[in-house]
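K.L.:
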Amino acid sequence: MSDARADEGLALLGAQGTRYPQDYDPSVLETFENKHQGNDYFVKFNCPEFTSLCPITGQPDFATIYISYVPDVRMVESKSLKLYLFS
């Protein structure tokens, strides 16, 4: 892990032994400092292959998730967001 990632507290990005949680786990979300806080811009994430199990029927549900936000002080690290969505 690079010193910059360690300084930001990012552990998942670039990790070889990633643990994929099977249960809902918000603790996997990681953030880092927005280095351009004076600028307003959109950060967009697309998750075109989101699947989950229906809690009533147990059948698979399929969706596309679009997330778009204007960051302030912190930004969401994309690999941790992917792990969060699939937890």
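Counting from 1, position 73 in the sequence shown corresponds to residue 729 in my numbering; the numbering is continuous, with no gaps.
Where is the CB? At the ideal position from N, CA and C, for every residue including glycine.
Are there three or more Cβ pairs, one per stretch, closer than 8 Å when the segment 696-705 is compared with the segment 725-738?
P.N.:
Under the 8 Å Cβ criterion, the segment 696-705 counts as touching the segment 725-738, having at least three qualifying pairs.
K.L.:
Between the Cα of residue 704 and the Cα atoms of 721, 681 and 715, which residue gives the shortest distance?
P.N.:
721
K.L.:
Could you compute how far the alpha carbon of residue 683 sits from the alpha carbon of residue 715?
P.N.:
27 Å
K.L.:
In chain order, what residues of the same chain have a beta carbon less than 7 Å from the beta carbon of residue 741, not counting five sequence neighbours either side?
P.N.:
703, 706 and 721
K.L.:
Cutting at 8 Å between CB atoms, please list the residues of its own chain near residue 717, excluding the five before and the five after it.
P.N.:
707, 708, 709 and 710
K.L.:
Could you compute how far the alpha carbon of residue 610 sits from the alpha carbon of residue 695?
P.N.:
Residue 610 cannot be examined here, being either before or after the span of the chain that is shown, 657 to 743.
K.L.:
Would you mind sorting residue 657 into buried or exposed? The rule is 16 or more other CB atoms within 10 Å of its CB.
P.N.:
Low per-residue confidence applies at residue 657: pLDDT is 46, beneath 50, and the placement is therefore not dependable, though the value from the model is reported in the following sentence. Label assigned to residue 657: exposed.
K.L.:
Applying the 10 Å Cβ sphere with the 16-neighbour rule, what's the burial state of residue 734?
P.N.:
exposed
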